[in-house]
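Engineer: Heads up, the sequence shown is in full-length UniProt numbering, so the first residue is 1 and it goes up one at a time. We put the beta carbon where it would ideally sit given N, CA and C, even for glycine. Small disclaimer: the values here were computed from a predicted structure and weren't measured. Provided herewith is a single structure, encoded as structure tokens, for subsequent inquiry.
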Amino acid sequence: MKILHLLSTIDPRAGGPTEGVRQSGVNMAALGHDVEVVTLDDPAAPWLAAFPLTVHALGPSKGNYGLTPNLVPWLKQNAMRFDAVIINGLWQYHSYGAWKALHAMQVPYYVFPHGMLDPWFKRTYPLKHLKKALYWPWAEYRVLRDAKRVLFTAEEERVLARQSFRLYKANEEVVAFGTYPPPAASAPVRDAFLAAYPELKEKRLLLFLGRIHEKKGCDLLIKAFAQIRDIDPAAHLVMAGPDGGDWTPTLQKLAAELGIANRITWTGMLLGDMKWGAFQASDAFVLPSHQENFGIAVAEALGCGLPALISDKVNIWREVEADGAGFVATDTVEGTVSSLTRWLELDLSRAAAMREQAKDTFHRRFTVDAMSKDLLRVLQTGAREDAGPLQKRVQTA
1 MKILHLLSTI
11 DPRAGGPTEG
21 VRQSGVNMAA
31 LGHDVEVVTL
41 DDPAAPWLAA
51 FPLTVHALGP
61 SKGNYGLTPN
71 LVPWLKQNAM
81 RFDAVIINGL
91 WQYHSYGAWK
101 ALHAMQVPYY
111 VFPHGMLDPW
121 FKRTYPLKHL
131 KKALYWPWAE
141 YRVLRDAKRV
151 LFTAEEERVL
161 ARQSFRLYKA
171 NEEVVAFGTY
181 PPPAASAPVR
191 DAFLAAYPEL
201 KEKRLLLFLG
211 RIHEKKGCDL
221 LIKAFAQIRD
231 IDPAAHLVMA
241 GPDGGDWTPT
251 LQKLAAELGI
261 ANRITWTGML
271 LGDMKWGAFQ
281 ASDAFVLPSH
291 QENFGIAVAE
301 ALGCGLPALI
311 SDKVNIWREV
321 EADGAGFVAT
331 DTVEGTVSSL
341 TRWLELDLSR
351 AAAMREQAKD
361 TFHRRFTVDA
371 MSKDLLRVLQ
381 TGAREDAGPL
391 QKRVQTA
């Protein structure tokens with residue numbers, strides 16, 4: 001098949017959607033499918049050259065919305081080359097622009113909301129939600145309504161998506177999501193990470209890896225860690241990830257006020273071997289998010305054998321809890337204290353068993369191969385449903 005992904009950006013700091021497209025695209029290309037990407041990035045953006053797929057950067061775009069006059073004409077001229085177009089994410093011009101170009105064409109398009117319809121945003125940012133509610137009937141409602149399928153990466157996400165707006169119509173389907181297996185454990189990779197942060201040697205590391213953002217529960221994690229610090233004096237919190245909102249100084253001040261500044265290391269964004277070194281050096285992975293659609297970092301942690309201490313707002317929490325691959329609690333200080341305490345007080349044999357279960361959960365549920373297989377099933381089913389030349393082209397591919 002010939003597949004086109006649309007994203008607002010492929011900047012790696014954007015998180016899950018970008019990484020998901022990168023990994024699934026590479027995997028599908030290896031299976032013999034043609035995959036290209038359209039983004040609203042400036043063609044001069046430094047991260048374009050390293051992206052492993054064919055990229056059409058149609059920016060520079062204007063403002064946070066990403067308005068660019070190039071998108072609709074490009075799609076009208078090129079979309080017929082593809083068997084399927086996949087819109088990744090909402091609330092920026094790439095989704096509405098794709099609808100403008102495609103809804104009257106004979107090219108099926110699909111939408112991954114990537115958690116952007118979660119009602120947490122409605123509750124947390126009521127003024128922003130009011131603006132979205134005014135925009136919704138004229139744009140994103142139509143994007144979803146006319147999509148061949150609206151794709152959710154967990155049943156939890158699908159159910160929550162219905163709760164944000166009264167006007168809602170979508171042909172929903174839950175599909176697998178996942179990531180590549182992590183590299184094999186490597187002492188040099190682990191040691192290089194510890195050499196970069198020598199204060200972490202001989203510590204029992206609790207790793208947070210993700211954007212430093214309010215929705216990730218970073219503040220409640222710091223408050224919870226302050227309450228459990230005496231359970232194990234070797235316990236040390238690693239806060240790894242980019243901070244686009246300059247929240248880190250506030251969090252560091254909070255840590256100082258709670259007397260734990262010397263037990264937290266802030267690494268910024270980790271890439272490549274440094275990221276895998278952090279996973280391999282750590283004892284457990286912690287993500288007490290208030291809202292998390294899938295959490296590629298959670299899957300990566302499980303693949304590295306790290307039990308996941310997550311909130312019940314991470315949409316794969318049911319799978320983690322059912323498998324015994326970690327501990328799940330509410331997205332509160334008390335809930336996070338509970339998960340941290342349970343892990344730090346776990347006996348050695350049960351902790352070792354949970355590490356093995358974490359790996360098993362990853363390989364059974366969250367691999368990129370499973371994601372590609374399930375997505376291809378959806379795209380090929382959608383293609384067979386369409387009559388005319390497109391159907392014939394797909395069925396003979």
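Candidates W276, A44, A351: which alpha carbon is nearest G324's?
Structural biologist: A351
Engineer: Whole-angstrom Cβ separation of A235 and L344, contact assumed at under 8 Å?
Structural biologist: 6 Å
Engineer: Nearest by alpha-carbon distance to N262: which of G241, G245, D283, L237 is it?
Structural biologist: When only C-alpha atoms are compared, the closest one is L237.
Engineer: What residue ranges within the stretch 265-324 form continuous alpha helix (DSSP H) runs of no fewer than 4 residues, ordered along the chain?
Structural biologist: 272-281, 296-303, 317-323
Engineer: With DSSP as the reference, identify every bridge partner of N88, one or two as the case may be.
Structural biologist: F112
Engineer: At a threshold of 8 Å, does R384 count as lining the ligand ADP (C-beta to nearest heavy atom)?
Structural biologist: Among the components modelled here there is no ligand, and therefore nothing to report on the ligand ADP.
Engineer: In the DSSP assignment, find the unbroken alpha helix (DSSP H) run with H94 in it and report its ends.
Structural biologist: 93-102 is the extent of the alpha helix (DSSP H) around H94.
Engineer: Once you ignore the five residues that flank L6 on each side, which residues in its own chain have a CB closer than 6 Å to its CB?
Structural biologist: Here L6 has V38, I87, H94, A98 as same chain residues with Cβ atoms under 6 Å from its own Cβ, once five neighbours each way along the sequence are excluded.
Engineer: Of all the alpha helix (DSSP H) runs that stay within the bounds of the stretch 313-384, which reach a length of 4 or more residues?
Structural biologist: 317-323, 333-344, 348-365
Engineer: State the DSSP-derived secondary structure class of D83, mapped to helix, strand or coil.
Structural biologist: In this structure, D83 counts as coil in the three-state DSSP scheme.
Engineer: Whole-angstrom Cβ separation of Y110 and L151, contact assumed at under 8 Å?
Structural biologist: Sure, about 6 Å apart at Cβ, within 8 Å.
Engineer: Just mark M105 as buried or exposed, buried being the case when its beta carbon has 16 or more other beta carbons within 10 Å.
Structural biologist: exposed
Engineer: Starting from A235, trace the beta strand (DSSP E) both ways and give me its first and last residue.
Structural biologist: 235-240
Engineer: Straight-line CA distance for P288 to P233?
Structural biologist: 22 Å
Engineer: Specify, as a first and last residue, the run of the beta strand (DSSP E) that I3 falls within.
Structural biologist: 2-7
Engineer: Specify the secondary structure class of L220 as computed by DSSP and reduced to three states.
Structural biologist: In the displayed model, L220 falls within a helix according to three-state DSSP.
Engineer: Could you give the distance in angstroms between the alpha-carbon of A297 and the alpha-carbon of E321?
Structural biologist: 17 Å
Engineer: Could you please give me the residues that DSSP links to L151 through a beta bridge?
Structural biologist: E173
Engineer: Considering Cα atoms alone, identify which of G295, A284, T361 is closest to L346.
Structural biologist: Looking from the CA of L346, the closest CA among G295, A284, T361 belongs to A284.
Engineer: Under a Cβ-count criterion, where at least 16 other Cβ atoms within 10 Å of its own Cβ denotes burial, should D230 be classed as buried or exposed?
Structural biologist: exposed
Engineer: Considering only the beta carbon of each residue, do A84 and L209 sit closer than 9 Å?
Structural biologist: When the beta-carbon positions are compared, A84 and L209 stay at least 9 Å from each other.
Engineer: Roughly how many angstroms lie between the CA atoms of R123 and H290, to the nearest whole one?
Structural biologist: 11 Å
Engineer: Evaluate the contact criterion for the stretch 126-143 versus the stretch 330-337: three or more CB pairs, one atom per stretch, below 8 Å.
Structural biologist: no
Engineer: Are F225 and A299 close, meaning C-beta to C-beta below 9 Å?
Structural biologist: no
Engineer: Using the beta-carbon count (16 or more within 10 Å), is R384 buried or exposed?
Structural biologist: The residue is exposed, with fewer than 16 neighbouring Cβ atoms inside 10 Å.
Engineer: Can you give me the C-alpha to C-alpha distance between L4 and A176, rounded to a whole angstrom?
Structural biologist: Taking the straight line joining both Cα atoms gives about 19 Å.
Engineer: Do the stretch 181-189 and the stretch 246-266 meet, that is, are 3 or more Cβ pairs less than 8 Å apart?
Structural biologist: no
Engineer: Taking DSSP's pairing of strands, which residues face E36 in a bridge?
Structural biologist: L4, T54
Engineer: For K76, name the three-state secondary structure that DSSP assigns.
Structural biologist: helix
Engineer: Can you tell which of A278, G259, L306, A49 has the C-alpha that lies nearest to the C-alpha of K359?
Structural biologist: Of all alpha-carbon atoms in A278, G259, L306, A49, the one lying nearest the alpha-carbon of K359 is that of L306.
Engineer: Tell me which residue opens and which closes the beta strand (DSSP E) that R263 is part of.
Structural biologist: Per DSSP, R263 belongs to no beta strand (DSSP E) and is neither H nor E.
Engineer: Check the DSSP bridge columns for T179 and list the partner residues they point to.
Structural biologist: T367
Engineer: Does the stretch 188-195 touch the stretch 160-170, meaning 3 or more C-beta pairs lie closer than 8 Å?
Structural biologist: With a cut-off of 8 Å, the stretch 188-195 and the stretch 160-170 do not count as touching, because too few Cβ pairs lie within range.
Engineer: So G382 packs on R149, CB below 8 Å; how close in whole Å?
Structural biologist: G382 to R149, Cβ: 6 Å. Contact.
Engineer: If we call anything under 9 Å between Cβ atoms a contact, is K309 one with L340?
Structural biologist: Before going further, note that residue 309 is Leu rather than Lys in the sequence given. Yes, the Cβ-Cβ distance between L309 and L340 is below 9 Å.
Engineer: Of the choices T250, D146, L270, whose alpha-carbon is the least far from that of G241?
Structural biologist: L270
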